[in-house]
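Read in order, the letters of the sequence shown correspond to residues -25 to -1, 1 to 151 in mature numbering (1 follows the signal peptide of the UniProt record, and there is no 0). Positions of the beta carbon are idealized from the N, C-alpha and C atoms, including for glycine. Written below as structure tokens is the structure these notes are about.
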Amino acid sequence: MAFTKLAFYLACIMTTLAMAGIARAQNSADDIVEAHNSARSDVGVDLVIWDDIVAAYAKNYANKRASQGRISIPGASDCDLIHSNSGSYKFGENIYGGSGADYSAVDAVALWVSEKQYYDYNTNSCADGKVCGHYTQVVWKNTTTIGCARVLCNNGGIFFTCNYNPAGNVVGESPY
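Here you go:
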């Protein structure tokens, strides 16, 4: 009987560790690029690659959002969904926040890609009352490199940002 309980507890621990490993893997640069490229392949645009410079920009901004209590953005609190306004870099940007540390970077990309249902290619617009700009940035035809970062927030949630070079969502142009 004691062996059966021990085996059960060990199985539970191994399952938990395996699930934690999966969550970490879904936050890797390779997984983020793969999630983007899957959506891009669906519409026939060139694939993106990871750019360490763009990723460093994303990480720096994500760290600022996570440490909001120690820096000053007027009216902002820990990990509020505020865009970086990338200044001289002119990157495109998608941001995501989740209440809980279980959300992965791949979850965020999947959420952005789910906006595809609201995008009408023929009119190059979103359905009334819907958002689709995150999706169009993911699949923007001229974007060649991305860099992303995910941080845990002081409030227990996560903040995730991806930056895109060159930026997409150019007014008057279609994404693909």
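Quick one: is residue i buried, meaning 16 or more other Cβ sit within 10 Å of its Cβ, or exposed?
i	result
residue 106	exposed
residue 96	exposed
residue -6	Bear in mind that the predicted position of residue -6 carries a pLDDT of just 41, short of 50, making it too unreliable to give a figure here.
residue -18	Confidence in residue -18 is poor, its pLDDT being 36 and thus under 50, which makes the residue's placement unreliable; the coordinate value appears in the next sentence. It is exposed - the Cβ of residue -18 has fewer than 16 other Cβ atoms within 10 Å.
residue 27	exposed
residue 2	buried
residue 104	exposed
Given a cut-off of 9 Å, decide if residue j and residue i are closer than it, judged by their beta-carbon atoms.
i	j	result
residue 56	residue 70	yes
residue 59	residue 130	no
residue 65	residue 142	yes
residue 140	residue 111	no
residue 128	residue 67	no
residue 116	residue 20	yes
residue 114	residue 10	no
residue 136	residue 4	no
Just confirm the distance between the C-beta atoms of residue i and residue j, as a whole number of angstroms; I'd bet it's less than 8 Å.
i	j	result
residue 81	residue 7	7 Å
residue 88	residue 31	Going by Cβ atoms, the distance from residue 88 to residue 31 rounds to 25 Å, so no, they are not a contact pair.
Based on the DSSP output, what are the partners of residue i in its beta bridges?
i	result
residue 165	This structure does not reach residue 165, given that the chain is present from -25 up to 151, and the question cannot be answered.
residue 101	94
residue 68	138
residue 24	120
residue 143	Per DSSP, none; premise fails for residue 143.
residue 73	133
Report yes if the C-beta of residue i is less than 8 Å from at least one heavy atom of the ligand NAP; otherwise report no.
i	result
residue 82	Among the ligands in the structure shown, none appear at all, so the ligand NAP cannot be discussed.
Can you confirm whether the segment 79 to 93 touches the segment 31 to 40 when touching is taken to mean that 3 or more C-beta pairs between the two stretches lie within less than 8 Å?
no
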